[in-house]
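In our numbering, the protein residues as written are 9 to 280.
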Ligand code: NAI
């Protein structure tokens with residue numbers, strides 16, 4: 009039995025991932041701002057104080073983690089604060105992973121540990137998203153990222169935060185303190201997945217119709233348990249040689265839009 013922490017565990021993909029890990033016999037510490045069954049740590053990941061509470065809360069329950077899935081996130085659509093999207097999606101995930109690195113290192117000493125970030129296929133599927141936000145995230149400058157985000161609509165900020173997570177996992181994940189310590193960082197990039205978040209998007213009068221406008225090769229949207237299965241594979245020991253990967257779980261949308269390789273998420277060099 010291994011011990012995992014999953015944020016966003018009260019709903020959707022986070023709940024499905026926590027459920028699958030529990031089915032596999034593991035212990036899961038759920039983190040969410042919303043109290044729910046399986047959520048042991050209630051914290052708001054949008055603020056530094058809330059993130060610190062989440063780290064302290066997990067630490068009070070375990071001294072080791074064999075994996076962490078920072079799935080908590082919010083969609084960008086009409087009426088959503090762009091700055092909040094940055095703080096929850098990028099900094100809420102990255103700070104949790106960085107804060108719990110000692111516990112992940114302790115878990116890794118027992119045969120390896122994994123982190124799987126929730127990116128999104130919007131990083132290659134949605135043209136024109138905001139690059140300065142992603143660049144500021146990767147410079148670990150939350151104030152600047154929020155300031156840049158405040159200049160544009162949240163729908164253009166959501167993919168920025170997701171690209172930044174995938175890049176952060178690649179840039180940092182190969183370093184001695186992560187892969188070198190046995191902690192593998194990877195990401196999944198789901199397409200539209202049937203969760204409350206997608207229902208919320210569909211209800212948007214402006215962007216709602218876009219949700220179902222993307223082509224898929226399988227003729228349907230994804231199911232949360234399918235994304236959870238990909239996450240659990242990346243966490244597992246058979247995935248021990250996978251580091252820095254971005255696994256598209258999107259029914260083929262990215263492959264249909266870009267048959268040779270994912271395109272459209274290059275923002276130029278970003279120093280560490
Ligand atoms: P969801 O809305 O069903 O669940 C998100 C969870 O995050 C909720 O339980 C919510 O309470 C929690 N959360 C939100 N803000 C929080 C905060 N400040 N502090 C703590 N917890 C907070 O969403 P879903 O669809 O399960 O999304 C999970 C992740 O997957 C998100 O990061 C999302 O961006 C990503 N994703 C979802 C896709 C989809 O189509 N559903 C597609 C691509 C990525």
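Note that CB positions come from ideal geometry on N, CA and C, so glycine has one too.
- DSSP, reduced to helix, strand and coil, places residue 212 outside both helices and strands of the structure shown, so it counts as coil.
- Taking residue 237 as reference, the option from 265, 148 and 25 with the minimal CA-CA separation is 25.
- Excluding its 5 nearest sequence neighbours in each direction, residue 145 has C-beta neighbours in its own chain below 6 Å: 98, 153 and 172, listed in chain order.
- About 5 Å separates the Cβ atoms of residue 261 and residue 222, confirming a contact at the 8 Å cut-off.
- Residues 112, 116 and 121 of the same chain have their beta carbon placed closer than 6 Å to that of residue 191, with the five preceding and five following residues left out of the count.
- In the structure shown, the three-state DSSP call for residue 38 is strand.
- Note that the segment 31 to 38 touches the segment 9 to 22; at least 3 beta-carbon pairs, one per stretch, sit closer than 8 Å.
- Taking C-beta atoms as the reference points, residue 197 and residue 123 fail to come closer than 7 Å.
- Contact check for residue 62 against residue 44 fails: the beta carbons are separated by 7 Å or more.
- In this structure, 209 is the residue among 129, 46 and 209 with its C-alpha nearest to the C-alpha of residue 82.
- For residue 25, the enclosing alpha helix (DSSP H) covers residues 20 to 31.
- Apart from sequence neighbours up to five positions away, the residues of its chain that approach residue 178 with a beta-carbon distance below 7 Å are 252, ordered along the chain.
- With the rule of 3 Cβ pairs closer than 8 Å, the segment 125 to 143 counts as touching the segment 160 to 168.
- Residue 194 sits in a strand when the DSSP states are folded into three classes.
- Look at residue 42: its beta carbon is less than 6 Å from one of the heavy atoms in the ligand NAI.
- In this structure, the alpha-carbon of residue 78 lies about 26 Å from that of residue 218.
- Within a 10 Å sphere around the beta-carbon of residue 268 sit fewer than 16 other beta-carbons, which makes this residue exposed.
- With a contact defined as Cβ atoms closer than 8 Å, residue 93 and residue 84 qualify at about 5 Å.
- Distances from the CA of residue 106 to each of 230, 272, 125 and 200 were compared; the closest alpha carbon is that of 125.
- The shortest CA-to-CA distance from residue 101 to any of 66, 91, 118 and 80 is the one to 80.
- Around the beta carbon of residue 226, fewer than 16 other beta carbons lie within 10 angstroms, which makes this residue exposed.
- Scanning 33, 49 and 248 for the CA closest to the CA of residue 188 turns up 248.
- Put simply, of 220, 54 and 193 the residue whose alpha carbon is nearest the alpha carbon of residue 91 is 54.
- The Cβ atoms of residue 224 and residue 202 do not sit closer than 7 Å to each other.
- Going by beta carbons, residue 163 and residue 215 fall inside the 7 Å limit.
- Rounded to whole angstroms, the separation of the alpha carbons of residue 59 and residue 103 is 7 Å.
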